[in-house]
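2 protein chains.
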Amino acid sequence: MLDYIDKNRDRFLNELLDLLRIPSVSADSKFKNDMLKAAEYVRDRILEAGADRAEIYETAGHPVVYGEKLIDPALPTVLIYGHYDVQPADPYELWDSPPFEPVIKNERIYARGSCDDKGQFYMHIKALETMLATNSLTCNVKIMIEGEEEIGSSNLGTFVKEYQEMLKCDTILISDTSIIANDVPSIETGLRGLTYVEVEVIGANRDLHSGVYGGGVANPINVLCEMIASLKDKNGHITIPGFYDKVEELTPDQRTALNAAPFDLEEYKNELQIGDVLGEEGYTTIERTSVRPTLDVNGIWGGYIGEGAKTVLPSKANAKISMRLVPNQNDDEICELFTKHFESIAPASVKVKVVPHHGGLPYVTPTDSVEYKAAEMAMEESFGKKPIPTRGGGSIPIVALFERELGCKSILMGFGLDIDNLHSPNESYGIFNYYKGIETIPLFFKHYAELKK
Amino acid sequence: MLDYIDKNRDRFLNELLDLLRIPSVSADSKFKNDMLKAAEYVRDRILEAGADRAEIYETAGHPVVYGEKLIDPALPTVLIYGHYDVQPADPYELWDSPPFEPVIKNERIYARGSCDDKGQFYMHIKALETMLATNSLTCNVKIMIEGEEEIGSSNLGTFVKEYQEMLKCDTILISDTSIIANDVPSIETGLRGLTYVEVEVIGANRDLHSGVYGGGVANPINVLCEMIASLKDKNGHITIPGFYDKVEELTPDQRTALNAAPFDLEEYKNELQIGDVLGEEGYTTIERTSVRPTLDVNGIWGGYIGEGAKTVLPSKANAKISMRLVPNQNDDEICELFTKHFESIAPASVKVKVVPHHGGLPYVTPTDSVEYKAAEMAMEESFGKKPIPTRGGGSIPIVALFERELGCKSILMGFGLDIDNLHSPNESYGIFNYYKGIETIPLFFKHYAELKK
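Taken in sequence, the protein lines are chains A and B. Per this note's numbering: the first sequence ends with 496, consecutive numbering throughout. Per this note's numbering: the second sequence ends with 496, consecutive numbering throughout.
(1) Tell whether a beta-carbon distance below 8 Å holds between leucine 234 of chain B and serine 438 of chain B.
(2) How is lysine 312 of chain B classed by DSSP in three states: helix, strand or coil?
(3) Measuring alpha carbon to alpha carbon, tell me which of B/Phe458, B/Gly258 and B/Asp49 ends up nearest threonine 17 of chain B.
(4) Name the chain A residues whose beta carbon is nearer than 8 Å to that of glutamate 350 of chain B?
(5) Mind pulling the chain A residues with CB within less than 7 Å of lysine 75 of chain B?
(6) Have a look at the DSSP bridge pairing and note the partners of isoleucine 343 of chain B.
(7) If we define contact as Cβ-Cβ less than 8 Å, is tyrosine 347 of chain A a contact residue for chain B?
(8) Taking C-beta pairs closer than 9 Å, name the residues in chain B that leucine 444 of chain A reaches, listed in chain order.
(9) Would you mind reading off the limits of the beta strand (DSSP E) that contains lysine 275 of chain B?
(10) Got a sec: is the Cβ-Cβ distance from glutamate 189 of chain B to anything in chain A below 8 Å?
(11) Which bits of chain A does asparagine 248 of chain B rub up against, with CB to CB less than 7 Å?
(12) Does the distance from the C-beta atom of serine 218 of chain B to that of isoleucine 388 of chain B stay below 8 Å?
(13) Cβ atoms of threonine 220 of chain B and valine 407 of chain B: under 8 Å apart, would you say?
(14) Cβ atoms of arginine 96 of chain A and glutamate 58 of chain A: under 8 Å apart, would you say?
(15) For histidine 2 of chain A, which option in A/Ile123, A/Ala154, A/Val244 and A/Phe458 has the closest C-alpha, if you only look at C-alpha atoms?
(16) In chain order, what residues of the same chain have a beta carbon less than 7 Å from the beta carbon of lysine 479 of chain A, not counting five sequence neighbours either side?
(17) Comparing the C-beta of arginine 96 of chain A with each C-beta of chain B, is any distance below 8 Å?
(18) Examine chain B for any beta-carbon lying closer than 8 Å to the beta-carbon of arginine 235 of chain A, and answer yes or no.
(19) Which partner residues of glutamate 241 of chain A appear in the DSSP bridge assignment?
(20) Between which two residues does the beta strand (DSSP E) harbouring proline 228 of chain A extend?
(21) Taking the alpha-carbon positions, what's the valine 334 of chain B to glycine 436 of chain B distance?
(22) Could you list which residues in chain B have their beta carbon closer than 9 Å to that of alanine 391 of chain A, in chain order?
(23) Can you tell me where the beta strand (DSSP E) with lysine 289 of chain A in it begins and where it stops?
(24) Opposite threonine 214 of chain A in the DSSP bridges: which residues?
(25) Give a yes or no on contact between the region 114-129 of chain A and the region 439-458 of chain A, applying the rule of three or more CB pairs nearer than 8 Å.
(26) Who are the neighbours of tyrosine 406 of chain B on chain A, taking C-beta pairs under 8 Å?
(27) Check the Cβ-Cβ distances between threonine 102 of chain A and every residue of chain B, and say whether any is below 8 Å.
(28) Is it the case that the Cβ atoms of isoleucine 377 of chain B and threonine 238 of chain B are separated by a distance below 8 Å?
(29) Looking at the secondary structure, which residues open and close the alpha helix (DSSP H) in which methionine 78 of chain A lies?
(30) With C-beta atoms as the reference, is valine 242 of chain A less than 8 Å away from asparagine 341 of chain A?
(31) In whole angstroms, what is the alpha-carbon distance linking aspartate 250 of chain B and serine 365 of chain A?
(32) Can you give me the Cβ contacts of valine 398 of chain A inside the same chain, cut-off strictly under 7 Å, excluding the 5 residues immediately before and after it?
(33) Compare the C-beta of alanine 272 of chain A with all C-beta atoms of chain B and state if any pair is closer than 8 Å.
(34) Below 8 Å between beta carbons is the criterion; list the residues of the region 415-429 of chain A that meet it against any residue of chain B, in chain order.
(35) Name the residues in the region 121-150 of chain A whose C-beta lies less than 7 Å from a C-beta of chain B; which are they?
(36) Can you tell me whether asparagine 371 of chain A is helix, strand or coil according to DSSP?
So, in structure tokens, the structure goes:
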């Protein structure tokens, strides 16, 4: 099997580069055609890999690509999930090379989506090809690659419900997460949920002269800043009433285990070039970024943002605000709590609008399941080290839905690194990680089939 | 004289419209050529009006137009000041008609600069023409129209110092302010000063994934909001140490006089469509907008502001912040106090940059001076009502400099209205106000010459 991968090394890489050249940004409607192009490219590669069939399924939003290779009803079935859409690439000016013209530098692939998630789901297509070419496929394989993960998978729920029968499987394998380091393999056993809203604070019916009206009329930017500031107390606790009610507090043992993962605060600060970390009082950085909920402003704008100075008192100000959720918070519930609270703290001098974007439930998977063991054995075999179970800070809203609709757990066997700049300029993915994934995935199938016997 | 104005009514208006068609935005370098075009237009019209000479004087920034008509050294000399530059017109989408394609609707001229200040200084050129054509000029006239008022007149100070002799005068007449209403004439006897800064809060060395780092690393937008919110207490008092130290408090009598000006709070709120006013505890809206200092965010930006949702933890956030100052605050001093304070409240998890833009000193003029009396008599004659002395909330930083360098007071005899949308989309200027100004200005010259006898 390793021979096959080695013989086709360059082609495996070039095929990924071609995929990375397609600017499949789901959030921005001007890339709609590129989204379709990407979907077609994925479908064709799945067929070439040797699938029985692969098709593009339309949805109310961007299409889903689905393919399958069913070799024996008696064997277990693994559903591969990934997404071909990527985050917007702006600010473009901060990229050292154009985001959709992949370049290879010091053993890394630089391009938007190189790791999140094109590079990672494409490993599965190449792994499938490898297993089929070497007659070593031990499970039935179903592959579902969606196009709306970065905008909340708004239409995948409907798709999964509609094709529940077709998607029936024993477990779901997802590569959209990270390992601690190339010599410290790890598997994410938990993910944070997400509530994402856009808020607007409206003052006067028009922009005003800050001299004529300044001091007497509410400035929506100042008001928005005050409202946002009031959402956390001086200890970094979120002040929205009821926000923490359902938060699952870890036991002392769980906290110890979690903090046992290798982590060097100084290195962390140096790598980010920050003077200090900042977060919720009483928790470590590992905890703050994995098992504690957050509230972050992801974007803010209002007034004059051009060159020079304009003494305007703007009529409105906007912000995009997201909250990462932990078990057992519910994204819809938190969205309601936020909206109610945000509206309640607005002074009479302004109007406030809150528009919910997408959300997602938090997720945890047990480490004693067959599928977890299979992933553990696969990584141990390919890395030569037993992977550490970690809790991730990111969100893959869909995994909770899979559990509900398909009745099975997802395994988050990702191969990225924290230095991959996901969602940032100069996103990259290690060549080592790409091939290591292609090597490891077949081992998962092997061990999973054996354990299921 | 009225006949002459009446006979040339249309031409007077069309000449202004041509000037309004030139997008002379001083803040944005891409309009540099239009700035020059506007200057040349003004110079040519001053010559046509009958001036002895008019020239364009280069400065380190945008040029100054200067012209003069000296009829008799024995007569008093009046210096007219105005500015041909305008505020940026964005957001363009909020204009009902293109900002630089003037249209006349219900007796108003709609265009950027129609009132501030093209419409108002151009009245003086037409008044000069009228006085010369009707042999009724009673003073020597000097006209200085600059191109950097909206960006702080950064180079006019040098110009005034360099040409002190040429600019020598007995008083300065400026039309860049408002009257209370078309049937309630008023003269501004005070202006607020201005300190304008741009701030940047920098977190990590790159944009981060808000899931992977959220909760553990400072979010510059959240931090900026908290810092801005902390600049005022719950009563709307500014918390910068020393900010109020030199603020001139009005006597009870002065406050009574100031609040005697006709003002209807309900009408004010309805006109702006706001549920309530907002400002410093213990002061009326008139006081908050004229004799009290302010702190307003004029622009803010950071993170993802495009369509849809991006879960980014941005590396920096910026804001433009201005403070309106009152006697006897000093703009440089306040700028220093702000900078020191803002840097001091930044948490260790971020870096902060403060870049000063332009500033200006506050200004007050006595109501018992010859020039004030002349303006009062002129307005009383043309409006049929004695004008009310008011205190303006806006800033014309240069008047304090005039007093220092030229040793004389400025008279702020403006003809705008609060509904003119200065600095806002759909700026407009009343046709009534334009012609009323052209009628009133010659009366000022008449009374001023008589009073100086």
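We put the CB at the ideal spot given by N, CA and C, even for glycine. Keep in mind it's a predicted model, so treat the numbers as computed, not measured.
The structure says:
(1) Between leucine 234 of chain B and serine 438 of chain B, the CB-CB gap stays under 8 Å.
(2) Per DSSP, reduced to three states, the secondary structure at lysine 312 of chain B is helical.
(3) Because chain B here runs from 44 to 496, residue 17 of chain B falls outside it and cannot be looked at.
(4) Against chain A, a Cβ distance below 8 Å from glutamate 350 of chain B picks out Ala70, Asp71 and Ser72.
(5) What lysine 75 of chain B touches in chain A, judged by beta-carbon distance under 7 Å, is nothing: the nearest beta carbon there is about 12 Å away.
(6) Its beta-bridge partners are A/Gly345 and B/Ala362.
(7) Yes, its Cβ sits closer than 8 Å to a Cβ of chain B.
(8) Those within 9 Å of leucine 444 of chain A in chain B number zero; the least Cβ separation is about 17 Å.
(9) No beta strand (DSSP E) holds lysine 275 of chain B; DSSP gives it neither H nor E.
(10) False, the Cβ-Cβ gap to chain A never drops below 8 Å.
(11) By Cβ distance, chain A contributes Leu315 and Gln316.
(12) No, they are not a contact pair.
(13) Not a contact, by the Cβ cut-off of 8 Å.
(14) Result no, Cβ atoms of glutamate 58 of chain A and arginine 96 of chain A do not sit closer than 8 Å.
(15) Any answer about residue 2 of chain A is impossible in this case: the structure gives chain A only from 44 up to 496.
(16) Setting aside the 5 residues that flank it on each side, lysine 479 of chain A is surrounded in the same chain by Ser425 and Phe458, each with a C-beta closer than 7 Å to its C-beta; the list follows chain order.
(17) No, because no Cβ of chain B sits closer than 8 Å to the Cβ of arginine 96 of chain A.
(18) So, interface residue.
(19) DSSP lists A/Lys363 and A/Val398 as partners of glutamate 241 of chain A.
(20) First-last for proline 228 of chain A: undefined, no H or E at that position.
(21) Distance between the alpha carbons of valine 334 of chain B and glycine 436 of chain B is about 7 Å.
(22) The contacting residues are Ile317, Gly318, Asp319 and Leu321.
(23) It is not in any beta strand (DSSP E) - lysine 289 of chain A carries neither H nor E in the DSSP assignment.
(24) DSSP output for threonine 214 of chain A lists A/Val121 as bridge partner(s).
(25) These segments touch.
(26) The contacting residues do not exist; tyrosine 406 of chain B stays about 12 Å from chain A at best.
(27) Closer than 8 Å: no.
(28) Yes.
(29) 75-92 is the span of the alpha helix (DSSP H), which, as asked, contains methionine 78 of chain A.
(30) Valine 242 of chain A places its beta carbon 8 Å or farther from that of asparagine 341 of chain A.
(31) When the Cα atoms are used, aspartate 250 of chain B and serine 365 of chain A turn out to be separated by approximately 15 Å.
(32) Taken in chain order, the residues that qualify are Val240 and Glu241.
(33) Yes, its Cβ sits closer than 8 Å to a Cβ of chain B.
(34) Answer in chain order: no residues at all.
(35) Listed by position, the residues of the region 121-150 of chain A near chain B (Cβ gap below 7 Å) are Gln130, Pro131 and Asp133.
(36) The three-state reading of DSSP puts asparagine 371 of chain A in coil, since its state is none of H, G, I, E or B.
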